[in-house]
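K.L.:
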Amino acid sequence: MTVFSSPRRPAQVALALATAVGIAVAATGCGAGHGTEDADVAASPAASTEQPAAPSPEDAQPGQCGGATIDDAAPVTRSTEILIDAPLDVVWDVQTDVEAWDEWQDAVLTVKRLDDGDFDADSRFEWTTPVPESDFAPADTLVITSGVQELEPGKCVLWEGPAIGEAIQIDRGVHLWTFTETDEGTLVHTEESWDADILAALEGPDHDAVAGMLGGGLDIWLEALKTKAETI
């Protein structure tokens, strides 16, 4: 993804972006992805507090859907997973009923399908998420257009797409979800990649902070999915 329209130094812009839209991009395939470059970032709450525990993000294995996965070469990638005490079909239906996201995800303001029929490998949807005001940027609203690239019903889905606001523009993010039935419930694993020149310039603590923000957004999404699915 590419971020434009800011005179701030790269680290400030990237951290502002991650803080503001970590949850949103965590949902977009534009909205974390896996990658050894993020191994020094602390394990996310969603992966570290569930028992029986799913592997931490650092230990989680990369996944695929229809032979496709996130952009492993992207500057920032992240992964996490959570065990949900609900049947796989319930978890799958909640996550893929994108038109109802705003009912259980605080980060989603509006959402609409851009195609008709069942949610499938050709589905597209548009949704909006708020970007709160920060020291680095004014309040904004991102309009995210996500297109499904791969889908295996009840098993996995991969989507990607841009997010566009007045001050922030994200050219591309890729998001993979996999669903596995276990004796304890449904294991949901998610990976995401962010690609932008501004992110490629980050090193050390700045890079780790952005990766951590992305991972945190994914954890929040998974916790909300868990709460919703376990109450059905």
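All the letters of the sequence shown, read from the start, carry residue numbers -26 to -1, 1 to 206 under mature numbering (1 follows the signal peptide of the UniProt record, and there is no 0).
Virtual Cβ for every residue (Gly too), placed ideally from N, Cα, C.
#1: According to DSSP, is I206 part of a helix, a strand, or is it coil?
#2: Starting from Q69, trace the alpha helix (DSSP H) in both directions and tell me its first and last residue.
#3: Where does D33 land, buried or exposed, given buried means 16+ other C-beta within 10 angstroms?
#4: Helix, strand or coil for I58, going by three-state DSSP, please let me know.
#5: Are the segment 149 to 159 and the segment 117 to 136 in contact at 8 Å, needing three or more beta carbon pairs?
#6: Pairing CB atoms from the segment 155 to 165 with CB atoms from the segment 84 to 93, are three or more of them under 8 Å?
#7: For K202, which residues of its own chain have a beta-carbon under 6 Å away from its beta-carbon, when the five flanking residues on both sides are left out?
#8: Rank Q123, D169, E165, L83 by C-alpha distance to the C-alpha of S40 and give the top, closest one.
#9: Report the three-state DSSP secondary structure of D96 (helix, strand or coil).
#10: Using the beta-carbon count (16 or more within 10 Å), is T43 buried or exposed?
#11: So, helix, strand or coil for E107, using DSSP?
#12: Buried or exposed: where does I206 fall if 16 or more other Cβ atoms within 10 Å of its Cβ makes it buried?
#13: Can you say whether D96 is buried or exposed, counting buried as having 16 or more other CB atoms within 10 angstroms of its CB?
#14: Starting from E166 and walking both ways along the beta strand (DSSP E), at which residues does that stretch end?
#15: Would you say G139 and V162 are within 8 Å of each other, going by their C-beta atoms?
#16: With 16 other CB atoms within 10 Å as the buried threshold, where does G178 fall?
#17: Rounded to the nearest angstrom, what separates D145 and E197 at their Cα positions?
#18: Is T43 helix, strand or coil when you go by DSSP?
#19: Nearest to W101 by alpha carbon, out of E107, S120, D46, D114?
#20: Going by DSSP, which residues form a beta bridge with R87?
#21: Return the bridge partner residues of V82 from the DSSP annotation.
#22: Given this structure, state the Cα-to-Cα distance separating G191 from D80, to the nearest angstrom.
#23: Rounded to the nearest angstrom, what separates P49 and D169 at their Cα positions?
#24: For L192, name the three-state secondary structure that DSSP assigns.
P.N.:
So, from the listed chains and residues:
#1: The answer is coil: DSSP assigns I206 none of H, G, I, E or B.
#2: Q69 -> alpha helix (DSSP H) spans 62 to 70.
#3: In this predicted model, D33 has a pLDDT of only 36, less than 50, meaning its place in the structure is not dependable enough to derive any value.
#4: Residue state, collapsed to three classes: strand.
#5: Counting Cβ pairs under 8 Å, three or more are found: they touch.
#6: Taking one beta carbon from each stretch, the segment 155 to 165 and the segment 84 to 93 have fewer than 3 pairs nearer than 8 Å; the two do not touch.
#7: So the list reads V68, W78, once near-sequence residues are dropped.
#8: One detail in the question is off: residue 40 reads as Gly in this sequence, not Ser. A check of alpha carbon separations from G40 across Q123, D169, E165, L83 identifies Q123 as the nearest.
#9: The three-state secondary structure of D96, taken from DSSP, is coil.
#10: T43 comes out buried.
#11: If DSSP states are grouped into helix, strand and coil, E107 belongs with coil.
#12: It counts as exposed.
#13: Exposed, by the Cβ-count rule.
#14: 159 to 168 is the span of the beta strand (DSSP E), which, as asked, contains E166.
#15: Result no, Cβ atoms of G139 and V162 do not sit closer than 8 Å.
#16: Exposed, since its Cβ has fewer than 16 Cβ neighbours within 10 Å.
#17: Taking the straight line from one Cα to the other gives about 27 Å.
#18: DSSP places T43 in the coil class of the three-state scheme, outside both helix and strand.
#19: Of E107, S120, D46, D114, the smallest CA-CA separation from W101 is found for S120.
#20: F99.
#21: Looking at the DSSP output, V82 bridges to nothing.
#22: Looking at the two C-alpha atoms, the distance is approximately 12 Å.
#23: Using only the alpha carbons, I get a separation of about 6 Å.
#24: In this structure, L192 counts as helix in the three-state DSSP scheme.
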